[in-house]
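In UniProt numbering, the protein residues as written are 1 to 241. We put the CB at the ideal spot given by N, CA and C, even for glycine.
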């Protein structure tokens, strides 16, 4: 099935994420700690922890920091207790936004998130106001020119849920959230290396923004992502160059 043009938008988002790698360690450590607390300290038996550790390794987070974060989650080291919380709202042009947080002070976090929404032209909504517009899934994007038939065969054999060929020729493989790593590794063994991959909240329908709207939306997203308690920000907006 065909989809919206995604290649430039995904590359743009990946570039911005790469720029923020230095600030990522503390947020990744939080996620690793919470994942270990909820599902145990062995990534082989804890899919959420495995995803978090793989993501940490992807930004070259030192092994001792990863190990210490796991030990804090399992209680081997003393650490802060974090609570998961999600906020939803609207950005520029009616675009939907989900903000996932890990916090030790919900009062502080909700105030910070609400302030960012209001300062940069968004509106914070109620629980569930936009979540239905997203699908929790794994997403692997392959460059235009990739052998579509061979990739589709390998992806479906590996357990992928869907394979989407976009208008720009890029190919997107969609997986279940906890099957992401297994499918990714199987495709790499078959000779297919994704240009970009993540477990995400994928919008069912994208809203394309350009010009002043795109600039304003990026400022709002940057403000939310810069908050210490914010782990991930998802949006239905596709921001043009």
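Three-state secondary structure assigned by DSSP to residue 230 | In this structure, residue 230 counts as strand in the three-state DSSP scheme.
Cβ-based neighbour list, residue 181, same chain, cut-off 7 Å, excluding 5 preceding and 5 following | Closer than 7 Å at Cβ, skipping near neighbours: 50, 51 and 54.
Best match in 143, 144, 199 and 220 for proximity to residue 121 [C-alpha to C-alpha] | When each option's Cα is compared against that of residue 121, the closest is 220.
Report the rounded CA-to-CA distance for residue 243 versus residue 69, giving the unit in angstroms.
-> This structure cannot settle anything about residue 243, because the visible part of the chain is limited to 1 through 241.
Proximity below 8 Å, CB of residue 217 to CB of residue 237 = Cβ distance < 8 Å, so residue 217 and residue 237 count as in contact.
State the CB to CB distance for the pair residue 140 and residue 231, rounded to an integer number of angstroms; the pair is presumed to be in contact (CB under 8 Å).
-> About 21 Å separates the beta carbon of residue 140 from that of residue 231, a gap too long to meet the 8 Å contact definition.
Would you list the residues sitting across from residue 96 in a DSSP beta bridge?
-> Residue pairing by DSSP places residue 96 opposite 90 in a beta bridge.
Let me know the secondary structure DSSP gives residue 47 once reduced to three states.
-> Look at residue 47 here: in three-state DSSP terms it is helix.
Could you give the distance in angstroms between the alpha-carbon of residue 228 and the alpha-carbon of residue 149?
-> Cα atoms of residue 228 and residue 149: separation of roughly 43 Å, rounded to the nearest angstrom.
Unbroken stretches of the beta strand (DSSP E), 3 residues or longer, contained in the stretch 182-221 | Taking only runs of at least 3 residues, the beta strand (DSSP E) segments lying wholly in the stretch 182-221 are 196-203 and 207-209.
Residue closest to residue 92, alpha-carbon to alpha-carbon, out of 27, 61, 233 and 215 = In terms of Cα proximity to residue 92, the closest of 27, 61, 233 and 215 is 215.
So what's residue 64 in DSSP terms, helix, strand or just coil?
-> Of the three classes helix, strand and coil, the one that applies to residue 64 here is helix, per DSSP.
Extent of the continuous alpha helix (DSSP H) run through residue 117 | 106-119 is the extent of the alpha helix (DSSP H) around residue 117.
Cβ-Cβ separation, residue 190 to residue 173 (assumed contact under 8 Å), whole Å | Wrong, their Cβ atoms sit about 12 Å apart, outside the cutoff.
Beta-carbon proximity of residue 73 to residue 109, cut-off 8 Å = Contact: no.
Contact check, residue 90 vs residue 128, beta carbons under 8 Å = A distance of 8 Å or more separates the beta carbons of residue 90 and residue 128.
Is DSSP giving residue 156 helix, strand or coil here?
-> Helix.
Cβ atoms of residue 146 and residue 196: under 8 Å apart, would you say?
-> It is not a contact, given that the beta carbons lie outside the stated cut-off.
Roughly how many angstroms separate the alpha carbons of residue 153 and residue 162, rounded to a whole number?
-> Residue 153 and residue 162: Cα-Cα distance of roughly 11 Å.
What number of angstroms, rounded off, separates the C-alpha of residue 37 from the C-alpha of residue 168?
-> Distance between the alpha carbons of residue 37 and residue 168: 42 Å.
Using the beta-carbon count (16 or more within 10 Å), is residue 205 buried or exposed?
-> Around the beta carbon of residue 205, fewer than 16 other beta carbons lie within 10 angstroms, which makes this residue exposed.
Rounded straight-line distance, which links the Cα of residue 79 to that of residue 210 | So the two alpha carbons sit approximately 44 Å from each other.
Looking at residue 183 and residue 99, is the spacing between their C-beta atoms short of 8 Å?
-> Residue 99 is not a Cβ neighbour of residue 183, given a cutoff of 8 Å.
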